[in-house]
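Okay, so here's the structure we're looking at.
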Amino acid sequence: MKCAFKTVRRVTMKCCHFRTRRNPGALVLLLTGVCLAGGQSAGPIATTMANPSPTPVNPPGMVTSPHPVIRARTPVGIPDIPGFVTLKCDFHMHTVFSDGLVWPSVRAEEAWREGLDAIAITDHLEYQPHKEDVSTNHNRAYEIARGTGDALDLLVIRGSEITRQMPPGHLNAIFLTNSASLAVTNWRDAITVAHQQDAFIFWNHPGWDAQTTNGLVLWYPEHTELLNAGILHGIEVVNGRDYYPEAHAWAIEKNLAMLSNSDIHDPLNLDYQVHQGDHRPLTLVFAKERTLESLKQALFARRTAVYSGNWLIGSEQFLRPIFTRSVAVKNPSFSLKAKQRALVQIHNHSEVDYLLKAAGTLPEVSFAQDVRLPAGKTVLLPVTGKTTTEKGKKKISLPYTVANLLVRPNEPLPVTLDLDIALIP
Ligand SMILES: [Zn+2]
Ligand SMILES: [Zn+2]
């Protein structure tokens, strides 16, 4: 209901049909998640789609194609942090069972392919524009997606979107035991039922244009009522491509879990160019283990962060270890003679490009002011001596902030790159 209705574009998986017809073994491989990327096979080069061979040219069971194999999972390159696994999650999405344009099992496979650990299916309770064509059973979308999730080892959570005017606006309840019992007239009754089911409840897209007042994103007395009653647990700081600084500040001030969800209605690839490095917004959840119980516990404990575009947003306790585990100085110890220059190699293991900006100067060395650490690459950082009198080994920390890691609205994470330099006059 947030997104305007869009024309359906028919997308068929001709490529997979083709492989399956030519090579019956391929389907088993695909269903068990053992996919081989195009060109990685040791077998002969496969024929193109335009010129199919009537007989298999590959060893039995092998899948090769000059086309990208899209029915494959790509992990999200964000590290775990000490004591916790970093689960990549999307807790807000729609299917044909409300105003979405895809079948629930497709939602599960899209998420599995994109490297997610968990999704919640959250169709609108009050808005079912396809009800002439599909069931109005509010639990059905979850049940279908859950079947696919179980087969693929993707965690699928039962949820619903309580879809009301502002205030209170739209609220998602996840970890429900029965969505159907939330379909009641009064929104307070719906939330009470969700709370009785021990659901995790959060405020969706607080800055959605259609629900702002004269362009202002407002916190209403109804939200205070829910917060004080212990019924509001989280807030979307990011919904789709939108970031709401107001929601970011409220999450910190009111101790709400920060969430970043797609609210996707279309097939994923209509909205996100996944094959070109784009990704849907993700909520990072720092859980003790990769289970539904652990995930739920982590959400209630507010152990979350936002991963949207090339931004990470969250408290320092989560962003700092992500940065520290992503970035390694490969040659931290070296000697520097007088005003000579040395090159420090810095490797970024993650899929986030870190954008460093110098935060101050040092008496012993000068160093690059702006440094981009691209995902998966090693960068040379020049460090130049400033003194001809200092002598001996020194621990020198280059001070930076990471412009795309926000600990508060407009407040980047401070970091240091730590070096052991032997100064030679
Ligand atoms: Zn909504
Ligand atoms: Zn929605």
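Using the working numbering, the letters of the sequence shown map in sequence onto residues 1 to 425. For every residue, glycine included, the Cβ atom is placed at its ideal position computed from N, Cα and C.
Query	Result
So for proline 223, helix, strand or coil by DSSP?	Residue 223 is actually histidine in this sequence, not proline. The answer is helix: DSSP assigns histidine 223 an H, G or I state.
Whose C-alpha, out of Lys395, Gly159 and Asn255, is nearest the C-alpha of glutamate 364?	Lys395
When burial is assigned at 16 or more other CB atoms within 10 Å of the CB, is asparagine 204 buried or exposed?	buried
May I ask you to list the residues that DSSP assigns as paired with histidine 124?	Glu161
Pick out whichever of Phe175, Val237, Ala190 and Glu390 has its Cα sitting closest to the Cα of leucine 284.	Val237
Threshold first: 3 residues or longer. Then list the beta strand (DSSP E) segments lying entirely within the segment 259 to 314, N to C.	282 to 287, 304 to 308 and 311 to 313
Under a three-way DSSP split, which group does asparagine 214 fall into?	coil
In this structure, does DSSP put threonine 401 in helix, strand or coil?	strand
Which residue's Cα is closest to the Cα of leucine 405: Asn310, Val371, Leu226 and Val329?	Asn310
How would you write the range of the alpha helix (DSSP H) that arginine 71 sits in, first residue to last?	Per DSSP, arginine 71 belongs to no alpha helix (DSSP H) and is neither H nor E.
CB of glutamate 430 to nearest heavy atom of ligand 2: below 7 angstroms?	Absent from the structure is residue 430, since the part of the chain shown begins at 1 and ends at 425.
Any idea if leucine 268 is buried or exposed, counting beta-carbon neighbours within 10 angstroms, 16 or more meaning buried?	buried
Going by the beta-carbon positions, is the gap between serine 350 and glycine 77 smaller than 8 angstroms?	yes
Using a Cβ-Cβ cut-off of 8 angstroms (strictly less than) and excluding sequence neighbours within five positions of leucine 413, which residues of its own chain qualify?	Glu316, Leu319, Arg320, Phe323, Thr401, Val402, Leu405, Leu406 and Val407
Should glutamate 114 be counted as a contact of ligand 1 given a C-beta to heavy atom distance under 7 angstroms?	no
Any idea what DSSP makes of aspartate 189, helix, strand or coil?	helix
For glutamate 110, report the span of its alpha helix (DSSP H) as first-last.	104 to 113
Going by the C-beta, is histidine 94 closer than 7 angstroms to any heavy atom of ligand 2?	yes
Just tell me which of Ala190, Val134 and Ser135 has its CA closest to the CA of asparagine 172.	Ala190
Does the distance between the C-beta of threonine 437 and the nearest non-hydrogen atom of ligand 2 fall short of 7 angstroms?	In this structure the chain extends from 1 to 425, so residue 437 is not present and cannot be described.
CB of aspartate 189 to nearest heavy atom of ligand 2: below 7 angstroms?	no
From isoleucine 252 to threonine 388, what does the alpha carbon distance come to, in whole angstroms?	47 angstroms
Would you mind sorting asparagine 239 into buried or exposed? The rule is 16 or more other CB atoms within 10 Å of its CB.	buried
Taking proline 412 as part of the beta strand (DSSP E), name the residues at either end of that continuous run.	411 to 424
When the Cβ atoms of the segment 153 to 171 are set against those of the segment 204 to 224, are three or more pairs found closer than 8 angstroms?	yes
Leaving aside the five residues before and after proline 129 along the sequence, list all residues of the same chain whose C-beta is less than 6 angstroms from its C-beta, in chain order.	Asp99
Is the segment 119 to 128 touching the segment 153 to 162, taking contact as three or more C-beta pairs under 8 angstroms?	yes
With a threshold of 7 angstroms on Cβ separation, who are the neighbours of leucine 216 within its own chain once the five nearest residues in sequence on each side are excluded?	none
Is it true that the CB of aspartate 117 sits closer than 8 angstroms to the CB of leucine 87?	yes
Quick one: what does DSSP say alanine 257 is sitting in, helix, strand or coil?	strand
What do you reckon, is the C-beta of asparagine 204 under 7 angstroms from a heavy atom of ligand 1?	yes
So, do the segment 105 to 117 and the segment 143 to 150 have three or more beta carbon pairs nearer to each other than 8 angstroms?	yes
Compute the distance between the beta-carbons of phenylalanine 367 and valine 383, then report whether it is under 8 angstroms.	yes
Is proline 24 helix, strand or coil when you go by DSSP?	Confidence is the limiting factor: at proline 24 the pLDDT is only 29, short of 50, which leaves the residue's position unreliable and the question unanswerable from this model.
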